[in-house]
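Shown next, in structure tokens, is the structure this report addresses.
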Amino acid sequence: LDVDGDDTLEYGKAQYTEADVIPCSGNEPRDAEERQALRGAVLKYAHTQSCMCSNYSQCYIMSAETPTTSSVEFDNNTSTTSPRTCKNSELEILPDDPSLSTLEALKTRIRDLEKQLTRGDRFKCLICMDSYTVPLTSIQCWHVHCEECWLRTLGAKKLCPQCNTITSPGDLRRVYL
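Going by my numbering, the sequence shown opens with residue 84, and the numbers climb by one from there.
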């Protein structure tokens, strides 16, 4: 058992970091504050460890900023853009026309589902039960789930949602099916 082994040579560089994790929304404000403080500490520590600055003071100043590897910037209350996820990537934005009836919306949804069946979408995420748009696997247990499901699960607990193996964001790799 190689506890401190470096999997970089075998599986490539980490494709996700703690900054990519989607934090869970707790019911109590104190839990949210504690979670946010812990997340901030982890992000600062991870950034100072990977910093290659010539002097320490410059590195410390850089680590005070919150690093991000996400393509979408999030505000604490609202997001400016909706991230591409397995649930909203295929949805069409319907106009706010009140004449569009529920019946028409249902017919559109049925057509979309029929297209899915004829395309032969055999692979589905076991968490959200939707087709994969960005499938990820963990190099710890090799379970495959969609990106959003993995990142939301790791925001709540650092375990695989299927087998409860300890998993970190650095263990996730993209899969091309």
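Glycine included, each C-beta is placed from N, C-alpha and C at the ideal position.
Per DSSP, which residues does residue i bridge with? Please list them.
i       : result
Ser-221 : Leu-255
Val-227 : Thr-220
Leu-242 : Ile-249
Lys-198 : According to DSSP, Lys-198 bridges with nothing at all.
Ser-214 : Lys-207
Rounded to whole angstroms, what's the CA-CA distance from residue i to residue j? Just pull it up for me.
i       : j       : result
Asp-213 : Thr-91  : 31 Å
Pro-187 : Asp-254 : The question names Pro, but residue 187 in the sequence shown is Glu. Rounded to whole angstroms, Glu-187 to Asp-254 spans 44 Å at the Cα level.
Lys-190 : Asp-89  : 52 Å
Cys-246 : Lys-198 : 32 Å
Thr-220 : Lys-240 : 16 Å
Ile-222 : Lys-96  : 12 Å
Leu-209 : Arg-194 : 23 Å
Leu-196 : Cys-107 : 30 Å
Thr-201 : Leu-237 : 34 Å
Ser-133 : Ile-105 : The pLDDT assigned to Ser-133 is 47, lower than 50, so where the model puts this residue is not dependable; a value taken from the coordinates is nonetheless given after this. Approximately 22 Å, taken between the alpha carbons.
Leu-260 : Pro-218 : 8 Å
Cys-232 : Phe-206 : 15 Å
Tyr-99  : Val-227 : 15 Å
Does the Cβ-Cβ distance between residue i and residue j come in under 9 Å?
i       : j       : result
Pro-244 : Glu-101 : no
Gln-103 : Leu-242 : The question names Gln, yet the displayed sequence has Asp at residue 103. Contact: no.
So residue i and residue j are supposed to be a Cβ contact under 8 Å. How far apart are they, rounded?
i       : j       : result
Tyr-94  : Arg-256 : 6 Å
Cys-229 : Thr-216 : 6 Å
Cys-224 : Thr-248 : 4 Å
With residue i as the anchor, note down where its alpha helix (DSSP H) starts and where it stops.
i      : result
Glu-93 : 91-94
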